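Data first, discussion second: the structure below is written as structure tokens.
In full-length UniProt numbering, the protein residues as written are 1 to 639.
In structure tokens:
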């Protein structure tokens, strides 16, 4: 879409800024970088002295504002570094300091970023006053994470390219709308009357946004309907919004860049890191299973380069007539309920993504506090009338009793677990049970990506529940560093040694038994009736996990020679509900029931046919709102 050529909107913004600021402050240039207005100044120190000025300007202009020094106004990095280190308390634990002359920024990594920032950002202002550089502070992960390191290093290397990209995105966002926004459309590209391949297009007369782009577990080749007119041309989409990193929402997002998309991906910071981890593993698993991956790893890097991360609660322009706000979804690390404010108060649409309504050991429950919502697109995974999960404390007790019984019979417990979310929840339960003597202390082996995903959790404690956050920030109390957690890093040989050793617990991916190391554990432990397989997470239709859960004991198995044989499972199989990252029927109803005001219409998605139909019917009867259980490839128009 074209920008308005008659006047330069940035010059108008610059003039307004100059009218608002004291005469001794100089604005040399302004630029939009994505949703932010960046002000370059030859007087950065004086800007820093004016406490509250930036907040006032942001409020007046209704923009997110960052102030950066114009080139040549900063102290030489060799002089600035020791001065910065003097200003920040030693207890902050600075681990890295890098200067970026092109943007006038200094990146500070600290073990305790709060101490580096100072009360009400006082230390940051002091740094700018003293050395002229704009500081950005990141947390040093308490557990070493190759993913966090790789993503941060990659984005640092791409900083100049990203600035060009962000300026281009900023121009697109802040272009003048071509017409009045007098309708909104939601088109379903996947996950309707099914679980998996989540994807939607949100359209207005001026903009198009894609929400999620996932695969379907256990159903190779069933992908979102990206070829439909509402989604095309993909290269002209204004934005992509990712609610969370699970593959049924994120797996095929890099494919968009293969199809020519070159725009922004909005998500939270931990989701950015987790999606990279899971997508690269997705490609690795496909290659190992002899399938042709749908895209190359280069596309994952391209996607990461195009991410713009937002915190919960930040209201952000993402298109000329659309503002986006993320809220905690309580599902996994960084998961977000996405609120879209369309037009000048014309319509508000919320995509729940996957939600967990009540608090868990890891997260606070999903937020549903929105100023306005007319349309809610809501997950329905556990939407059937009888989908009530057992109380979490009861579930934990059941799990502990099953493990103790297996231990006493000299058996081993294997738990298929999603690397992100359920594994960390289980680790907290097991660590506490052993620490308090409710379970004998025994090794807990982590196989697959679980340890790396756990390290990413510790890098973002501000996204976790308050009490857990405090424990992670004190190294001697960090539950994820307990001695009994051991990474399986010795391959099949180590698995065979563990299988022949004393009783233990194995947490292994994949959570739905669709491949990965869990297959080796079934081969090694499946023949002994003293061992136990315990399901604690949702098993989608069509997955091997669902078939085993439903009573199947003869399962196909590929040996290391590539031959497919039948494996007979003789170990005990149990299912313990209550650990799901999804709200149950009661939680879904309460999410809607406690919204104020309530939406005018609700689209029930992300559930099998019975779940979406029954939740849709139940919400209509209970709350007297219009409800739908759409099929894929339907479009809903809201005027």
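Virtual Cβ for every residue (Gly too), placed ideally from N, Cα, C. Treat the numbers as computed from the prediction; the structure is a model and nothing was measured.
Check the C-beta distance from residue 13 over to residue 61 and give it rounded, since I have them as a contact under 8 Å.
7 Å
Contacts around residue 373, its chain only, beta-carbon distance under 6 Å, and the 5 residues preceding and following it disregarded
348, 350, 599
In the DSSP output, what is residue 319 paired with across the bridge?
322
Less than 8 Å between the C-beta atoms of residue 449 and residue 509, yes or no?
yes
Between 588, 329, 596, 626, which has its C-alpha nearest residue 611's C-alpha?
588
Can you name the start and end residues of the beta strand (DSSP E) that residue 643 belongs to?
The structure shown does not extend to residue 643, since the chain spans only 1 to 639, so no value can be given for it.
Within this structure, are the beta carbons of residue 98 and residue 156 separated by less than 8 Å?
yes
Run of the beta strand (DSSP E) containing residue 32, from where it starts to where it stops:
27-33
From residue 23 to residue 63, what distance separates their C-alpha atoms?
22 Å
In terms of alpha-carbon separation, which member of 463, 309, 380 lies closest to residue 36?
309
How about residue 542 and residue 218: do their beta carbons lie closer than 8 Å?
yes
Residue 535 versus 403, 608, 466, 584, residue with shortest Cα-Cα distance
403
Verify whether the separation of the beta carbon atoms of residue 80 and residue 131 is less than 8 Å.
yes
Should residue 307 and residue 272 be called a contact, given that it needs their Cβ atoms to be closer than 8 Å?
yes
DSSP on residue 582, reduced to helix/strand/coil?
coil
Which listed residue (222, 216, 231) has its alpha carbon closest to that of residue 208:
231
Kindly indicate which residue of 578, 439, 485 has the alpha-carbon position closest to the one of residue 391.
578
N- and C-terminal bounds of the beta strand (DSSP E) containing residue 612
Unbroken run through residue 612 is the alpha helix (DSSP H), 609-623; no beta strand (DSSP E).
Where the beta strand (DSSP E) through residue 572 begins and ends
572-575
So the candidates are 335, 165, 581; which of them puts its Cα closest to the Cα of residue 263?
165
Mark residue 445 as exposed unless 16 or more other C-beta atoms lie within 10 angstroms of its C-beta, in which case mark it buried.
buried
Determine the extent of the alpha helix (DSSP H) in which residue 110 is found, giving its start and end residues.
Here residue 110 belongs to no alpha helix (DSSP H); instead the beta strand (DSSP E) covers 105-110.
Compare the beta carbon distance of residue 353 and residue 331 with 8 Å and say whether it is the shorter of the two.
yes
Hey, how far is the Cα of residue 255 from the Cα of residue 279?
11 Å
Alpha carbon to alpha carbon, how far is residue 570 from residue 452?
31 Å
Could you name the residues of the same chain whose beta carbon sits closer than 7 Å to that of residue 251, not counting the 5 residues immediately before and after it, in chain order?
214, 215, 279, 282
Taking the alpha-carbon positions, what's the residue 422 to residue 518 distance?
15 Å
Helix, strand or coil: which one does DSSP assign to residue 486?
strand
For residue 504 versus residue 442, is the C-beta distance shorter than 8 Å?
yes
In three-state terms, what does DSSP make of residue 3?
Interpretation of residue 3 is limited by its pLDDT of 43, a score under 50 that renders its predicted location unreliable; no figure is taken from the coordinates.
Within this structure, are the beta carbons of residue 242 and residue 265 separated by less than 8 Å?
yes
Chain B beta carbons: is any one of them nearer than 8 Å to that of residue 404?
Absence of chain B from the displayed structure is noted, only one protein chain being present.
Ends of the beta strand (DSSP E) at residue 282?
Here residue 282 belongs to no beta strand (DSSP E); instead the alpha helix (DSSP H) covers 269-288.
Is it true that the CB of residue 362 sits closer than 8 Å to the CB of residue 481?
no
Is residue 245 closer than 8 Å to residue 334 when the C-beta atoms are compared?
yes
Rounded to a whole number of angstroms, what is the C-alpha to C-alpha distance between residue 247 and residue 116?
35 Å
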